[in-house]
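Notes follow the structure.
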C-alpha cells in the first residue's frame, strides 16, 4: 500500500461523499495503490453509510475527540505515506498529489499553507481564526525553532515511519500542535505546500475558537518547559540572589536612593518564588522524559544525574547554613539584651534558606516517586 488518506468524520453526510470520491480520484491520478479511511467519531446521521458506499474503509471511534479519531485512523492505515484532511470539504482532496510528491521527494512531514502562499476563500474562516492562527503559529515557531506559515492547517501528510516515531498522546484539537512540536523536536524534515481553504457547507464547525485555542496554547506552553518554567524560574531566582548580594554590606545605593535590609523581604519572596518555579520545571522535565513526551536536552540529562541522595545532601546543606544563620542572629539579639532586632538581614536570609531547603528535600522525594514510573 503506497498511500492512505485519513478523514476524521462527525456528522458530515452532506460532504463526506465528495471528500471520499476526490481522494480516490487523486489516488487514481497518481496511479498508485491507495486507500481512503474514514474515521467516524460517533456520527448520528448517515455519514458512515455514505462513506462506505463511496469506497472508503470506515472505522468507528468511540472515544470522542479530533485527536482520537485521527490516531485510530493512522493506526488502521497501512500506506507508506499518509495524508489527513477534514471531511467537511473545506480542503480539496484533489490537492493530495502535492503532498504525495513532497513526501516521495524525501520529506518526512508536509503541512498545508493557507496563509502565506495559499488562499482562503471568502467566508471560509471567521475573524477570530484569522487572528488566532497567526498568533499560535508565531508562538510555535519561536518556542520550538520552526519556520512554518500555518501551524493549524488540517491537511497534512506524513510518512508511516515518522508517524510512529511521534508517539502522539493528545485527544482533542491540540493534536495538530502536538504533531508539529514533536516533529520539530525529532528534527523531521518538514515542508509546506500552498493549498486553498473553502467555506463550509452543511455541517456544523467542530472547532470552538476559544476553548480549542486555549487547548492549543496550553499544550504549547506545557511542552515548552524551558519557556514555561526553567527560564522564568531561573530569572526570578537569580534576581533575588543578586539583591541579597548587593545588600550584603547592609545597604546599597541606586539612582541616588539608599536601600536598606528591608528590601531583602522582597528579595526573599522573589528568590523563593523563582526557586519553586525552577523545581516545577525540573520535575516536569523528568516526567516528560520518562513518558517520552519531549526529546531529552542538557537540562534533562542534568536532572537524570540528580539522585535522591544528592538532592537530600544539597537540601540538608542549605538547612545547616540556615540554622547557623539563626544561631548567629540569636547571638546578636542576645547581645542587645533581646531588645529591638536592629538588623534582621541575617534572619531574612536564614528564613529564605530554610524554606529553600524544605522545598529541595521534598522535591527530592517527589522526584524519586516520578522515577518509579520507569
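Numbering (the working numbering), first residue to last: 5 to 378. The beta-carbon is built from N, C-alpha and C at its ideal position, and this holds for glycine as well. Only a predicted model underlies this, so the values are computations on that prediction, with no experimental measurement involved.
Taking Cβ to Cβ, would you say residue 48 is nearer than 8 Å to residue 21? Numbered from its first residue, the chain shown carries residue 48 at position 44. Numbered from its first residue, the chain shown carries residue 21 at position 17. When the beta-carbon positions are compared, residue 48 and residue 21 stay at least 8 Å from each other.
Run of the beta strand (DSSP E) containing residue 113, from where it starts to where it stops: For the purposes of this step, residue 113 is taken as the residue at position 109 of the chain shown. Note, residue 113: beta strand (DSSP E), 113-117.
Whole runs of the beta strand (DSSP E) within the stretch 271-337, excluding any shorter than 3 residues: none
In terms of alpha-carbon separation, which member of 330, 265, 311 lies closest to residue 376? Locating residue 376 in the chain shown gives position 372, counting from the first residue. Comparing Cα-Cα distances from residue 376 to each of 330, 265, 311, the minimum goes to 311.
Measuring straight from C-alpha to C-alpha, what distance separates residue 60 and residue 29? Residue 60 sits at position 56 when you count from the first residue of the chain shown. Residue 29 sits at position 25 when you count from the first residue of the chain shown. Their backbone Cα atoms lie some 12 Å apart in a straight line.
Where residue 361 sits in the DSSP three-state scheme: Along the chain shown, read from residue 1 onward, the residue named residue 361 stands at position 357. Correct three-state label for residue 361: helix.
Which residue from 266, 137, 202, 199 puts its Cα closest to that of residue 180? Counting from 1 along the chain shown, the entry for residue 180 is found at position 176. Per the Cα distances, 137.
Taking 8 Å as the cut-off, decide whether the C-beta atoms of residue 328 and residue 307 are in contact. On the chain shown, residue 328 is found 324 positions in, with the first residue counted as 1. On the chain shown, residue 307 is found 303 positions in, with the first residue counted as 1. The answer is no: Cβ separation not under 8 Å.
So who's on the other strand from residue 391, going by DSSP bridges? This structure gives no information on residue 391, because the portion of the chain shown stretches from 5 to 378.
Would you identify the three-state DSSP class for residue 35, choosing helix, strand or coil? Looking up residue 35 in the chain shown gives position 31. In this structure, residue 35 counts as coil in the three-state DSSP scheme.
Can you tell which of 362, 204, 291, 294 has its C-alpha closest to the C-alpha of residue 323? The sequence position of residue 323 within the chain shown is 319, counting from 1. For the residues 362, 204, 291, 294, the minimum Cα distance to residue 323 belongs to 362.
Three-state secondary structure assigned by DSSP to residue 142: In the chain shown, the residue the question calls residue 142 occupies position 138. Residue 142 falls in the helix class under three-state DSSP.
Spatial neighbours of residue 121 within its chain, please: C-beta separation below 8 Å, excluding the five flanking residues on both sides. By one-based count along the chain shown, residue 121 stands at place 117. Counting only Cβ-Cβ distances below 8 Å, and skipping sequence neighbours, we find 153, 196, 198.
Beta-carbon spacing of residue 62, residue 55 below 8 Å: Numbered from its first residue, the chain shown carries residue 62 at position 58. Numbered from its first residue, the chain shown carries residue 55 at position 51. Contact: yes.
Going by beta carbon distance, what residues of the same chain come within less than 8 Å of residue 144, once the five residues before and after it are set aside? Looking up residue 144 in the chain shown gives position 140. Here the set comprises 150, 152, 155, 181, 184, 185, 224.
Residue 12: buried (16+ other C-beta within 10 angstroms of its C-beta) or exposed? In the chain shown, counting from the first residue as 1, residue 12 sits at position 8. It counts as buried.
State the start and end residues of the unbroken beta strand (DSSP E) segment that holds residue 8. Start at 1 with the first residue of the chain shown, and residue 8 comes out as number 4. Boundaries of the beta strand (DSSP E) around residue 8: 7-13.
Whole runs of the alpha helix (DSSP H) within the stretch 41-91, excluding any shorter than 4 residues: 51-58, 70-80
DSSP three-state assignment for residue 105, whether helix, strand or coil: To locate residue 105, count along the chain shown from 1; it is residue 101. Here DSSP, grouped into helix, strand and coil, assigns residue 105 to helix.
DSSP beta-bridge partners for residue 124? In the chain shown, residue 124 corresponds to position 120, counting from 1. According to DSSP, residue 124 bridges with 201.
So residue 182 is in the alpha helix (DSSP H); what residue range does that whole segment cover? Working through the chain shown from its first residue, we reach residue 182 at position 178. Here the alpha helix (DSSP H) through residue 182 covers 179-189.
Any idea what DSSP makes of residue 263, helix, strand or coil? Mapped onto the chain shown, residue 263 falls at position 259. Shown here, residue 263 sits in a strand according to DSSP, grouped into three states.
Should the stretch 91-98 be regarded as contacting the stretch 162-174, the criterion being three or more beta carbon pairs within less than 8 Å? Judged by Cβ distances under 8 Å, the stretch 91-98 makes no contact with the stretch 162-174, as fewer than three pairs qualify.
Would the beta-carbon of residue 371 fall within 8 Å of that of residue 303? Against the chain shown, residue 371 aligns to sequence position 367. Against the chain shown, residue 303 aligns to sequence position 299. Not in contact: residue 371 and residue 303 (Cβ atoms no closer than 8 Å).
Confirm, please, whether the CB-CB distance from residue 71 to residue 175 is below 8 Å. Along the chain shown, read from residue 1 onward, the residue named residue 175 stands at position 171. Along the chain shown, read from residue 1 onward, the residue named residue 71 stands at position 67. Yes, the Cβ-Cβ distance between residue 175 and residue 71 is below 8 Å.
So residue 385 and residue 112 are in contact, right, with Cβ under 8 Å, and what is the actual spacing, rounded? The displayed coordinates of the chain run from 5 to 378. Any statement about residue 385 would go beyond what the structure contains.
Using the DSSP secondary-structure output, state which residues sit across from residue 256 in a beta bridge. Counted from its first residue, the chain shown places residue 256 at position 252. According to DSSP, which records beta bridges pairwise, residue 256 is partnered with 263.
Cβ neighbour criterion (16 or more within 10 Å) applied to residue 42: Position 38 of the chain shown, counted from the start, is the residue given in the question as residue 42. Burial call: buried.
Just curious, the alpha helix (DSSP H) that residue 97 is in, first and last residue? Indexing the chain shown from 1 puts residue 97 at position 93. It is not in any alpha helix (DSSP H) - residue 97 carries neither H nor E in the DSSP assignment.
Would you call the stretch 256-265 in contact with the stretch 331-344, where contact means no fewer than 3 C-beta pairs closer than 8 Å? no
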